[in-house]
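The structure appears right after this line, and notes come after that.
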Amino acid sequence: MSIHFNHTIVACHDAAASAQFWADMLGLEVGPPYGPFLPVTVDNGVTFDFAVAPGTVQDIPTAHYAFLVSEEDFDKGFARIQERGLRYWADPHAQREGEINHNDGGRGVYFFDPNGHALELLTVPYGGWPES
Ligand SMILES: [Fe+2]
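Count along the sequence shown starting at 1, add 3, and that's the number in this note's numbering.
Structure below.
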């Protein structure tokens with residue numbers, strides 16, 4: 004088997020602002036435009052292609068995107084959340100505002116991008132690291 008998730012389109016209201024937001028929060032760069040898309044590529048090669056969706060931001064269905072990050076990158080991302088004064092939660096149901104979680108022995112946090120997409124940073128995958 005050789006199947007790898009490669010790319011997806013992220014619907015947004017303002018592609019430049021949205022791609023830059025994700026890049027800033029993840030410590031990445033926005034790539035050169037590709038047709039109507041503005042790409043942000045993460046370290047495992049998956050590209051998120053930001054594209055303007057019709058209508059208003061309220062018309063964009065909320066999607067959830069979770070990023071498995073190193074402890075160092077979590078520190079940086081969480082610092083950016085705090086510097087920007089973004090609301091954040093420890094849980095996906097937004098019950099524990101202003102907290103992070105320690106699920107599976109790691110750290111995790113939820114916050115929203117400018118389009119209302121629910122982003123998550125976590126340092127340990129759900130269920131913990133697989134045993135080798
Ligand atoms: Fe999640």
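Even glycine gets a Cβ: it sits at the ideal position worked out from N, Cα and C. All values reported here derive from a predicted model rather than from experimental measurement.
Worksheet item: Counting only runs that start and end within the region 37-104, where is the beta strand (DSSP E) found for 3 or more residues in a row?
Response: Unbroken beta strand (DSSP E) stretches of 3 residues or longer found wholly inside the region 37-104: 41-44, 50-55, 67-71, given in chain order.
Worksheet entry | With 16 other Cβ atoms within 10 Å as the buried cut-off, status of Trp132 | exposed
Discussion item. Suppose you measure from the CA of Glu102 to the CA of Gln85; what does that come to, to the nearest Å?
Written reply: 11 Å
Worksheet item: Of the choices Trp92, Ala69, Ala121, Asn9, whose alpha-carbon is the least far from that of Thr44?
Response: Asn9
Discussion item. Using a 10 Å radius around the Cβ and a threshold of 16 neighbouring Cβ atoms, would you call Arg159 buried or exposed?
Written reply: Lying before the first or after the last residue shown, residue 159 is absent from the chain, which here runs from 4 to 135.
Worksheet item: Is DSSP giving Phe24 helix, strand or coil here?
Response: helix
Fill in: Burial state of Met4, where buried means 16 or more other Cβ atoms lie within 10 Å
exposed
Worksheet item: Would you call the region 31-39 and the region 68-86 in contact, with 3 or more CB pairs under 8 Å?
Response: no
Worksheet item: So, are the CB atoms of Glu100 and Tyr113 less than 7 Å apart?
Response: no
Item to complete: Give the single residue among Leu41, Asp78, Asn106, Gly30 whose Cα lies nearest to the Cα of Asp52.
Response: Leu41
Worksheet item: For Asn118, does the count of other Cβ atoms within 10 angstroms reach 16, so buried, or fall short, so exposed?
Response: buried
Discussion item. Any beta carbon from chain B within less than 7 Å of Asn9's own beta carbon?
Written reply: In the structure shown, chain B cannot be found, because there is only a single protein chain.
Worksheet item: Can you tell which of Pro64, Asp116, Glu134 has its C-alpha closest to the C-alpha of Ser21?
Response: Asp116
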